[in-house]
Amino acid sequence: MKVTFPHAGQAWVPLSTVIAKAGVECIVPPPVSKQTLSLGVKHSPEWVCLPFKLNLGNFIEGLEMGADTLLYVAGPGLCRLGYYAKVSEQILRDAGYHFEMLTFDWQDKQIVALAEFLKKVLGNRSWPRIVADIKFGLDQLRVMDELERMAHHLRPRVDKPSRITDIWRTAGQRVAKAWTPAELKKVKAEIVEEYRSVPLNPDADPLKVALLGEFFMVIEPFVNHDVEDMLGQMGVEVVRHASFSDWAWTWLFMEALGLSHGQKVKKAAAPYLSRDVSGDAVQTLGETILHQKEGFDGVIHLLPFTCMPEIIAQSILPKVTKDHEIPVLSVVLDEQMGRAGFVTRIEAFVDLMQRRRVRKKVG
Ligand code: SF4
Numbered sequence: 016m017k018v019t020f021p022h023a024g025q026a027w028v029p030l031s032t033v034i035a036k037a038g039v040e041c042i043v044p045p046p047v048s049k050q051t052l053s054l055g056v057k058h059s060p061e062w063v064c065l066p067f068k069l070n071l072g073n074f075i076e077g078l079e080m081g082a083d084t085l086l087y088v089a090g091p092g093l094c095r096l097g098y099y100a101k102v103s104e105q106i107l108r109d110a111g112y113h114f115e116m117l118t119f120d121w122q123d124k125q126i127v128a129l130a131e132f133l134k135k136v137l138g139n140r141s142w143p144r145i146v147a148d149i150k151f152g153l154d155q156l157r158v159m160d161e162l163e164r165m166a167h168h169l170r171p172r173v174d175k176p177s178r179i180t181d182i183w184r185t186a187g188q189r190v191a192k193a194w195t196p197a198e199l200k201k202v203k204a205e206i207v208e209e210y211r212s213v214p215l216n217p218d219a220d221p222l223k224v225a226l227l228g229e230f231f232m233v234i235e236p237f238v239n240h241d242v243e244d245m246l247g248q249m250g251v252e253v254v255r256h257a258s259f260s261d262w263a264w265t266w267l268f269m270e271a272l273g274l275s276h277g278q279k280v281k282k283a284a285a286p287y288l289s290r291d292v293s294g295d296a297v298q299t300l301g302e303t304i305l306h307q308k309e310g311f312d313g314v315i316h317l318l319p320f321t322c323m324p325e326i327i328a329q330s331i332l333p334k335v336t337k338d339h340e341i342p343v344l345s346v347v348l349d350e351q352m353g354r355a356g357f358v359t360r361i362e363a364f365v366d367l368m369q370r371r372r373v374r375k376k377v378g
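With the first letter of the sequence shown counted as 1, position 161 gets the number 176 in this note's numbering; the numbers rise by one all the way through.
Printed below as a string of structure tokens:
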């Protein structure tokens, strides 16, 4: 068995470790790139949302590298996510690829479904070992998210933000090589130490912006033109709650235990959107309001072209902005979006937030 899966932000880190530790051959596709996008676009229906195209492109890259087993999430989502696995499988078979597809339906039995899914992938590994593997994979995810949040915090506060980005870009490979809790602890400490070695800028007074929107658009640097690094270089601190470790905690544990999650966010969004329309629409609205109360300077909202849940959120955001006086920049991303136009819009938004802050200071 030669296993591959979509690269998907940092999700490849724990997946590759857990699979390799079990002695199963793992083919990590290359990071999402122009090549991934063009393969996905070539084989996808034109109207389908961008995450589908990128995941499909990654599968083709993995299959071309010799993989024969694809891992994917499935589920009865209200939006097109519910069809992703089946449609991708059909497209790839029609294109002549031979493989087995193993899917993980996280909304069905949550953590139990994950364990059953890994049992299929990892073959004769015992249940206690699988439980330990899941725990270790989740620890890796948490470490990756902590290191990424540190990078968000530090970039606008140091002399050389690019140095922080350089260190962060090594984190995935280094954390993926940590196979024991002790190694994971060591590699995290080393990376934190490297971050701390970058001199701080004593005059830094960063703007604070929340990055919200469709999960894949905010976590995948290729598709959002590495907006977190871009903002950090402009002296802006990015806060992003969407992450795989939060996702795992919410969907694999809270839901499995029948505990409600995200009540604060849902309550904040309720006057504008009181029901779940799938995707991250409720989070986009609720977090915009909560961040305004926390004194954020603005919100950047990223959505893929034709994404129904985020289009709903986008149509409500002007009312939220007016009621709560927080600037919001919504950007629709698709394969046609050029970097130059995107950078110009981000620069203009940062300028607007800067002027607004000065205006507030002088009363
Ligand atoms: S949330 Fe939007 S982009 Fe994501 S799968 Fe659903 S429709 Fe597609």
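We put the CB at the ideal spot given by N, CA and C, even for glycine. As the structure is a prediction and not an experimental result, all values here were calculated from the model.
Between which two residues does the beta strand (DSSP E) holding PHE119 run? Counted from its first residue, the sequence shown places residue 119 at position 104. 115-120 is the extent of the beta strand (DSSP E) around PHE119.
Contacts around ARG140, its chain only, beta-carbon distance under 7 angstroms, and the 5 residues preceding and following it disregarded: As a first step, residue 140 is located in the sequence shown; it is residue number 125 there, counting from the start. Closer than 7 angstroms at Cβ, skipping near neighbours: ALA37.
Roughly how many angstroms lie between the CA atoms of TRP183 and LEU226, to the nearest whole one? In the sequence shown, residue 183 corresponds to position 168, counting from 1. In the sequence shown, residue 226 corresponds to position 211, counting from 1. Taking the straight line from one Cα to the other gives about 18 angstroms.
List, from N- to C-terminal side, the alpha helix (DSSP H) runs of 4 residues or more that fit wholly inside the stretch 57-103. If one requires a minimum length of 4 residues, the alpha helix (DSSP H) runs lying completely within the stretch 57-103 are 65-79, in chain order.
Run through DSSP, which three-state label would THR195 get? Locating residue 195 in the sequence shown gives position 180, counting from the first residue. Of the three classes helix, strand and coil, the one that applies to THR195 here is coil, per DSSP.
What three-state label does DSSP hand ALA37 in the structure shown? If you number the sequence shown from 1, residue 37 lands on position 22. ALA37: coil per DSSP, three-state reduction.
Within 10 Å of its beta-carbon, does SER177 have 16 or more other beta-carbons around it, so buried, or fewer, so exposed? Here residue 177 refers to the residue found at position 162 of the sequence shown. Around the beta carbon of SER177, fewer than 16 other beta carbons sit within 10 angstroms, so the residue counts as exposed.
By alpha-carbon positions, which one of LYS375, THR180, GLU161 ends up nearest to ARG170? The count along the sequence shown starts at 1 and reaches residue 170 at position 155. Ranking LYS375, THR180, GLU161 by CA distance to the CA of ARG170 puts THR180 first.
Would you say the beta carbon of LEU96 comes nearer than 7 angstroms to a heavy atom of the ligand SF4? Here residue 96 is taken as the residue at index 81 of the sequence shown, counted from 1. Using a cutoff of 7 angstroms, the CB of LEU96 counts as near the ligand SF4, since one of the ligand's heavy atoms is closer than that.
Integer-rounded CB distance, given that ALA89 should sit under 8 angstroms from ASP120: Walking along the sequence shown from the start, residue 120 turns up at place 105. Walking along the sequence shown from the start, residue 89 turns up at place 74. That belief holds up - the Cβ atoms of ASP120 and ALA89 are roughly 5 angstroms apart, short of 8 angstroms.
List the DSSP bridge partners of ILE206. By one-based count along the sequence shown, residue 206 stands at place 191. In the DSSP assignment, ILE206 is bridged to no other residue.
Can you name the start and end residues of the alpha helix (DSSP H) that ALA257 belongs to? One-based indexing of the sequence shown puts residue 257 at position 242. From DSSP, ALA257 is part of no alpha helix (DSSP H); its letter is neither H nor E.
Going along the chain, which residues of its own chain have a beta-carbon closer than 6 angstroms to the beta-carbon of VAL28, five neighbours each way excluded? Residue numbering aside, residue 28 sits at position 13 when the sequence shown is read from its first letter. Taken in chain order, the residues that qualify are GLN155, MET159, GLY187, VAL190, ALA191.
How is ALA166 classed by DSSP in three states: helix, strand or coil? By 1-based counting over the sequence shown, the position of residue 166 is 151. DSSP places ALA166 in helix when its eight states are reduced to three.
With DSSP collapsed to three states, give me the class of LEU133. Numbered from 1 along the sequence shown, position 118 holds the residue referred to as residue 133. Three-state DSSP puts LEU133 in a helix.
Beta bridge counterpart(s) of VAL314 as assigned by DSSP: For the purposes of this step, residue 314 is taken as residue 299 along the sequence shown, with counting starting at 1. VAL314 is bridged to ALA225, VAL343.
What is the residue span of the beta strand (DSSP E) that LYS282 lies within? Here residue 282 corresponds to residue number 267 of the sequence shown, with the count starting at 1. Taken as a continuous stretch (DSSP letters only), LYS282 belongs to no beta strand (DSSP E), being part of the alpha helix (DSSP H) at 278-284.
Under a Cβ-count criterion, where at least 16 other Cβ atoms within 10 Å of its own Cβ denotes burial, should PRO21 be classed as buried or exposed? For the purposes of this step, residue 21 is taken as the residue at position 6 of the sequence shown. Buried, since its Cβ has 16 or more Cβ neighbours within 10 Å.
Could you check what DSSP says for VAL217 in three-state terms: helix, strand or coil? Counted from its first residue, the sequence shown places residue 217 at position 202. Looking at the sequence itself, residue 217 is Pro, so the reference to Val does not match. Coil.
Through-space distance from ASP220 to GLN298, alpha-carbon basis: The residue you call residue 298 lines up with position 283 of the sequence shown. The residue you call residue 220 lines up with position 205 of the sequence shown. If I take the Cα positions, the gap works out to 28 angstroms.
Starting from LYS17 and walking both ways along the beta strand (DSSP E), at which residues does that stretch end? As a first step, residue 17 is located in the sequence shown; it is residue number 2 there, counting from the start. Its beta strand (DSSP E) spans residues 17-19.
Please determine, among ASN239, LYS49, VAL136, the residue with the shortest C-alpha to C-alpha distance to VAL346. On the sequence shown, residue 346 is found 331 positions in, with the first residue counted as 1. For VAL346, the closest alpha carbon among the candidates ASN239, LYS49, VAL136 is that of ASN239.
Shortest alpha-carbon distance to PHE114 belongs to which of LYS376, SER258, GLY81? In the sequence shown, residue 114 corresponds to position 99, counting from 1. It is GLY81.
Which value, in whole angstroms, describes the spacing of the CA atoms of ASN73 and VAL47? The residue given as residue 73 occupies position 58 in the sequence shown. The residue given as residue 47 occupies position 32 in the sequence shown. Computed Cα separation, rounded: 7 angstroms.
Exposed unless 16 or more other CB atoms sit within 10 angstroms - verdict on ALA363: Counted from its first residue, the sequence shown places residue 363 at position 348. Note on ALA363: under 16 other CB atoms within 10 angstroms of its CB, so exposed under the neighbour-count rule.
Spatially closest choice to HIS168 from ARG255, ILE42, TYR287, by CA coordinates: Within the sequence shown, numbered from 1, the residue matching residue 168 stands at position 153. Of ARG255, ILE42, TYR287, the residue nearest in Cα terms is ARG255.
For PHE132 and GLN307, what's the separation of their Cα atoms in angstroms? Taking the first residue of the sequence shown as 1, we reach residue 132 at position 117. Taking the first residue of the sequence shown as 1, we reach residue 307 at position 292. Looking at the two C-alpha atoms, the distance is approximately 40 angstroms.
For THR303, does the count of other Cβ atoms within 10 angstroms reach 16, so buried, or fall short, so exposed? Here residue 303 refers to the residue found at position 288 of the sequence shown. Buried.
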